[in-house]
Amino acid sequence: MIVHRLYTAIVRPIFLYGNIVWWPSLEKNCNLRILHKIQRSAELCISGALPTTATEALNTILDLQPLDLLAKSWASATALRLRKAAAWLTGSTGHSNILSKHTSLPRNTDYVPPIVNFERRYKIFIPTRTDWDNIPHQFENAVNIYTDGSKLNSQTGGGVFSPELDIKVSFRPPDHCSVFQAEVMAIQEAMTHLGTPVHHDIDIFIFSDSQAALRTLDSYTTNSKTISECRNSPNEMATHLRINLISRSCKQIDEEESA
């Protein structure tokens, strides 16, 4: 819905701007009532519900987190990024103790200060839907590797398969990883199986069903440690191999193999 998108993408970030500084004020009920009233008004406009509709029901139906909880979540994420960039000092009072309230937060995160890398020795192909029919799911006289990452029931996993290398590997990233991170880690895992001297001066085709992962690997800047390491791996392998990363629907591959 357009109104829902406008609220979450424009209005809500304006309300919560600078929450890393003023989040302690959310402990006061007078401020909570104002925030709840603002979001409730937006929810009624989005849904067209009756004014008597319960706020909790509107939050659930529209998948909107209460603003006070969202503000604290965003403040924690901001503090984590600043800590990783050595620009944050945790205190015992005020806004600087946001991280001390979350004992389950990981000490090490994937965030790093932006890294610029213009070296690109590998090739990335992201075909359109009309071009998919003209791209084989397996190239002859080459090494074909298929990667995938997924998340189910709050558990993250990834896999790598290659008939030429005779590998079928599954691995478990930390469960706090996203599906996107699992997809990138699967590509990096595939690179570890190309380090033997047997593989030299041949074409390597790595298939991934994540366009987002490939587009990120094709960009020049990143603030992710995982992505930075994944970029370095194909660049190193490309000194003696021809690395090609291809976006391909795994569903389409399964359909062709079944046929």
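Quick note: the sequence shown uses the numbering used here, first residue 1068, plus one each step.
Even for Gly, the Cβ is constructed at its ideal location relative to N, Cα and C.
What does DSSP give as the partner residue(s) for residue i in the beta ladder?
i, result
"Leu1312", "Ile1191, Ile1273"
"Ile1087", "Bridge partners of Ile1087: none, in fact."
"Asn1096", "Partner(s): none; Asn1096 has no beta bridge."
"Lys1235", "Phe1228"
"Tyr1178", "Ser1291"
"Leu1219", "Gln1222"
"Tyr1213", "Phe1228, Phe1274"
To which residues of the same chain is residue i closer than 8 Å at the C-beta, ignoring the five residues directly before and after it?
i, result
"Phe1082", "Leu1102, Ile1105, Leu1134"
"Gln1132", "Asn1126, Ser1140"
"Pro1118", "Leu1111"
"Leu1093", "Leu1099, Leu1102, Asp1135, Ala1138, Lys1139"
"Glu1296", "Gln1255"
"Leu1129", "His1071, Glu1110, Ile1113, Ser1114"
Which residues in the same chain as residue i place their Cβ atom closer than 6 Å to its Cβ, once the five residues preceding and following it in sequence are excluded?
i, result
"Val1078", "none"
"Ile1271", "Val1210, Leu1308, Ile1310"
"Arg1327", "In the structure displayed, the chain extends from 1068 to 1326; residue 1327 sits before or after that span and is not available."
"Ala1326", "Caution applies to Ala1326, whose pLDDT of 31 falls short of 50 and renders its modelled position unreliable; the model cannot decide the point."
Distance check for residue j and residue i, CA to CA, integer angstroms please.
i, j, result
"Asn1201", "Ala1279", "22 Å"
"Pro1230", "Leu1312", "17 Å"
"Asn1259", "Gly1226", "Checking the sequence shown, residue 1259 turns out to be Thr, not Asn. Roughly 13 Å separates the two Cα atoms."
"Gly1224", "Leu1284", "20 Å"
"Pro1301", "Phe1185", "14 Å"
"Ala1138", "Pro1080", "9 Å"
"Val1183", "Lys1292", "12 Å"
"Ala1154", "Tyr1084", "19 Å"
"Leu1073", "Asn1220", "30 Å"
"Arg1100", "Val1070", "23 Å"
"Leu1232", "Ser1286", "29 Å"
"Val1251", "Lys1095", "42 Å"
"Gly1216", "Cys1244", "10 Å"
"Ile1294", "Cys1097", "43 Å"
"Gln1222", "Thr1289", "25 Å"
"His1267", "His1169", "49 Å"
"Gly1158", "Arg1150", "12 Å"
"Ile1212", "Ile1273", "5 Å"
"Ala1116", "Asp1198", "45 Å"
"Ala1249", "Leu1156", "31 Å"
"Ala1257", "Arg1239", "14 Å"
"Asp1242", "Arg1196", "32 Å"
"Phe1228", "Gly1262", "16 Å"
"Arg1174", "Ala1076", "30 Å"
Give me, in chain order, the residues of the same chain whose beta-carbon lies closer than 7 Å to that of residue i; leave out the 5 immediate sequence neighbours on both sides.
i, result
"Ala1142", "Asn1086, Ile1087, Trp1090, Ile1165"
"Val1161", "Strictly speaking, residue 1161 in this sequence is Gly, with Val absent from that position. The residues are Pro1091."
"Leu1281", "Ile1191, Ile1193, Ser1275, Leu1312, Ser1314"
"Met1068", "Ile1113"
Please look up how many angstroms separate the CB atoms of residue i and residue j, rounded, as I've assumed it's under 8 Å.
i, j, result
"Lys1218", "Val1246", "5 Å"
"Thr1214", "Ile1269", "Contact flag wrong, Cβ pair sits at about 18 Å."
Under 8 Å: do the region 1122-1132 and the region 1096-1110 share three or more Cβ pairs, one atom per stretch? yes
Does the region 1178-1186 touch the region 1203-1212, meaning 3 or more C-beta pairs lie closer than 8 Å? no
Is the region 1161-1171 touching the region 1141-1153, taking contact as three or more C-beta pairs under 8 Å? yes
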